[in-house]
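Novice: According to the working numbering, the stretch in the sequence shown is residues 31 to 536, in order.
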Amino acid sequence: MNIDLLTPAEMAQADRRAIEAGPLDGIGLMRNAGQAVAAIVLSRFAGARRVHVLCGSGNNGGDGYVVATILAESGVAVSLWASGAPRGGGDAALAAAECPLPAHPLADFAAERGDAVVDALYGAGLSKPLAGADAAAVVKAAALRLLVVAIDLPSGVSGTGGAVLGRAFRADVTVTFVRRKPGHLLLPGRELCGEVIVADIGIGDSVIASLGIRTFANEPALWRDRLPRPAVDAHKYKRGHVGVFSGGPHATGAARLSALGAARCGAGAVTVLSPGSAMQVNAAHLTAIMLRRVDDIADLAGFLDDRRPSAFVLGPGFGVGEKAREFALAVLRAGKSEHDGDKSAPHGLVCDADAITSFRGDPEDIFAAAAESATALVLTPHEGEFARLFPDLSADASLSKLDKARQAAARSSAVVVYKGPDTVIAAPDGRAAINSNGASWLATAGSGDVLAGIVAGFLAQAMPAFEAACAAVWIHAEAGSRFGPGLVAEDLPQALPPILRELLGP
31 MNIDLLTPAE MAQADRRAIE AGPLDGIGLM RNAGQAVAAI VLSRFAGARR
81 VHVLCGSGNN GGDGYVVATI LAESGVAVSL WASGAPRGGG DAALAAAECP
131 LPAHPLADFA AERGDAVVDA LYGAGLSKPL AGADAAAVVK AAALRLLVVA
181 IDLPSGVSGT GGAVLGRAFR ADVTVTFVRR KPGHLLLPGR ELCGEVIVAD
231 IGIGDSVIAS LGIRTFANEP ALWRDRLPRP AVDAHKYKRG HVGVFSGGPH
281 ATGAARLSAL GAARCGAGAV TVLSPGSAMQ VNAAHLTAIM LRRVDDIADL
331 AGFLDDRRPS AFVLGPGFGV GEKAREFALA VLRAGKSEHD GDKSAPHGLV
381 CDADAITSFR GDPEDIFAAA AESATALVLT PHEGEFARLF PDLSADASLS
431 KLDKARQAAA RSSAVVVYKG PDTVIAAPDG RAAINSNGAS WLATAGSGDV
481 LAGIVAGFLA QAMPAFEAAC AAVWIHAEAG SRFGPGLVAE DLPQALPPIL
531 RELLGP
């Protein structure tokens, strides 16, 4: 399945460009769409007692009229219900005129158990809550547990953000066209789509390529070719060196989880940067991971000069406060030297947990430092942490999670990993990816610490920041899914090698 995601506006633009290029006109595309949906109904729901096609007044309804015509001609018992007449002169009006079935008012919609519904009311373009007869139809379908095939997107679900506007159908199958939409992957819409089938209706890849798509499904096709593979002559420092800042003696475990994540995803060397008070605790638990005392900025500068680390993780178990701020800014400022020709500057800094909270209410310093640095900044907030850095974006109900992540990335000059079951990864240049393989087993303490380490491990191996974050999110989720029940964070690093082996191939 193609990884490009089209917003409803981009889909409309694709329709226009395809019609201009020919050979299909608007009604031709609509007939192809209706044929694709009808084929799914005939193959999947042939046992339904009756199929009810619910048509809106727009182009989604036009697709429904085509579906009703084909099903009736195929001998299926069909009832047609319309929320209003199609707009005159449009393709939907042509499709309605070609349909031999009478259209009953949607307000009179009635069905029985064992029936199926084709939802052709609104699709992906809905911009206001379902109400009146539309909402009543959703309630009736749910009460009777009818099988539902949605055209493009279940009516009531926003195609741009996945939000439920009022009420929404819960589909068993959703048939969309050309490409998936963000609403197919973002929650809660994702849970209402059922199986999503992408149908080809005659709009070529060249038309989609001309749109300059910047939103993607986070799947291996997006970043697999950028995964690091060690050279034959590689030594450990050529494979990247990650520094992970540790908290005090009673908060060292999170840093070690990050360090293991970085090591398991291929970083050749990983060093836990420990305060003196925690050296003994960390030393008792580390084997392949190195250890260095870093109490202050002078110690950090010495580490930067001596070891030329490639990436850092700051935040897990570190503690909130001025020290976290100072360390984050010092790493980013070390990256400024690359503008003067110093190629040994760190590739990236991953700020998670306490590092994010340390900039609560006053994030401008780190945003400015990121904008001026050649060291990539990656922020990995969950919802609460996101609100600490971007309170206005978090509170804006008009913005989808995708919108919020994009605007946060542009403002912060950072790659933002807005975590959750539908994690969004956004880059300052406008690219964004939506993850859909999230596993509920990952809701366990320390899971995010491992993720931060994986991101840093890929950054250390010179993987570009956006691709590194996307790969880390997907692989981390895949590890959680494969391990399943009983997962604790310590299991995740061990679960990474088989997945990496599959991705890298022979």
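Just so you know, even glycine gets a beta-carbon here, dropped at the ideal spot from N, CA and C. If you're wondering where the values come from, they're calculated on a predicted model, not measured in any experiment.
#1: Say whether the region 158-168 touches the region 54-69, bearing in mind that this needs 3 or more beta-carbon pairs closer than 8 Å, one atom from each stretch.
#2: Quick check on the burial criterion: 16 or more other C-beta atoms within 10 angstroms. Buried or exposed for A444?
#3: In whole angstroms, what separates the C-alpha of L124 from that of I57?
#4: Take every Cβ of the region 481-501, pair it with every Cβ of the region 225-240, and state whether three or more of those distances are shorter than 8 Å.
#5: Determine contact between the region 119-138 and the region 68-82, defined as no fewer than three beta-carbon pairs at a distance below 8 Å.
#6: If contact is defined by three or more beta carbon pairs under 8 Å, each pair taking one atom from either stretch, is the region 141-157 in contact with the region 180-187?
#7: List the whole-angstrom C-beta distance separating S477 from L522, where the pair is believed to meet the contact cut-off of C-beta under 8 Å.
#8: Note down, one range per segment and in chain order, each beta strand (DSSP E) of at least 3 residues found wholly within the region 192-254.
#9: Return yes when the Cβ of A360 is within less than 9 Å of the Cβ of H271, no when it is not.
#10: According to DSSP, is D34 helix, strand or coil?
#11: Which ranges does the beta strand (DSSP E) cover as unbroken runs of at least 3 residues, wholly within the region 142-177, from first to last along the chain?
#12: For R200, count the other beta carbons within 10 Å of its own beta carbon; 16 or more makes it buried, fewer makes it exposed. Which is it?
#13: Check for me: the alpha helix (DSSP H) holding M493 runs from which residue to which?
#14: Considering only residues of the same chain and omitting the five flanking positions on each side of H369, which have a CB-CB separation below 8 Å?
#15: Keeping to the same chain, check which residues put their C-beta closer than 6 Å to that of G371; ignore five residues upstream and five downstream.
#16: I'd like the span of the alpha helix (DSSP H) that includes F389, first residue to last.
#17: Residues in the same chain with beta-carbon distance under 6 Å from S466, minus the five sequence neighbours each way, listed in chain order, please.
#18: Give the straight-line distance between the Cα atoms of L534 and P528, rounded to the nearest whole angstrom.
#19: At 3 residues or longer, and completely inside the region 269-350: list those beta strand (DSSP E) runs for me, N to C.
#20: Can you give me the start and stop residues for the alpha helix (DSSP H) that A417 sits inside?
#21: Is the Cβ-Cβ distance between G296 and V343 less than 9 Å?
#22: In its own chain, which residues sit with a C-beta less than 8 Å from the C-beta of T37, not counting the 5 before and 5 after it?
#23: Check whether the Cβ atoms of S538 and A247 lie closer than 9 Å to each other.
#24: Rounded to whole angstroms, what is the Cα-Cα separation between T387 and G118?
#25: Comparing C-alpha positions only, which one of A354, D255, L174, I319 sits nearest to G278?
#26: For a quick check, are the C-beta atoms of A229 and V67 less than 9 Å apart?
#27: Starting from A456 and walking both ways along the beta strand (DSSP E), at which residues does that stretch end?
#28: Per DSSP, A180 is paired with what?
#29: Give every residue of the same chain whose Cβ lies closer than 7 Å to the Cβ of D93, excluding the five residues on either side of it in the sequence, and list them in chain order.
#30: Rank F420, G378, S109, A44 by C-alpha distance to the C-alpha of E142 and give the top, closest one.
#31: At which residue ranges does the region 36-124 contain complete beta strand (DSSP E) runs of 3 or more residues, listed in the order of the chain?
#32: Could you please give the first and the last residue of the uninterrupted beta strand (DSSP E) stretch that includes A133?
#33: Pick helix, strand or coil for C381, following the three-state DSSP scheme.
#34: List the endpoints of the continuous beta strand (DSSP E) containing L407.
#35: Counting Cβ pairs closer than 8 Å, one from the region 284-299 and one from the region 322-330, do we hit at least three?
#36: Excluding sequence positions up to five away, which residues of its chain have a Cβ less than 6 Å from the Cβ of G86?
Specialist: Quick answer:
#1: no
#2: Classification for A444: buried.
#3: 7 Å
#4: no
#5: no
#6: yes
#7: 7 Å
#8: 203-207, 225-229, 245-247
#9: No, the Cβ-Cβ distance between H271 and A360 is not below 9 Å.
#10: strand
#11: 146-150, all fully within the region 142-177.
#12: buried
#13: No alpha helix (DSSP H) holds M493; DSSP gives it neither H nor E.
#14: Annotation note: pLDDT 48 at H369 (below 50); position unreliable, coordinate value reported separately. Excluding positions up to five away in sequence, the list reads A404.
#15: Below a pLDDT of 50, predicted positions are generally treated as unreliable, and G371, at 48, falls in that range; the measurement from the model is reported next regardless. Excluding sequence neighbours, G371 sits near nothing in its chain.
#16: Careful: F389 lies outside any alpha helix (DSSP H) and carries neither H nor E.
#17: The answer, listed in chain order, is L215.
#18: 10 Å
#19: 271-275, 299-304, 320-323, 341-344
#20: 413-419
#21: no
#22: G189, T190, K211, P212, T245
#23: In the structure displayed, the chain extends from 31 to 536; residue 538 sits before or after that span and is not available.
#24: Going by the C-alpha atoms only, they are around 56 Å apart.
#25: A354
#26: yes
#27: 454-456
#28: D149, T204
#29: Setting aside the 5 residues that flank it on each side, D93 is surrounded in the same chain by M60, A63, G64, V67, A150, I181, each with a C-beta closer than 7 Å to its C-beta; the list follows chain order.
#30: S109
#31: 81-85, 108-112
#32: 133-135
#33: strand
#34: 406-409 is the span of the beta strand (DSSP E), which, as asked, contains L407.
#35: Flag = no, the region 284-299 and the region 322-330 do not touch.
#36: S113, L151, Y152
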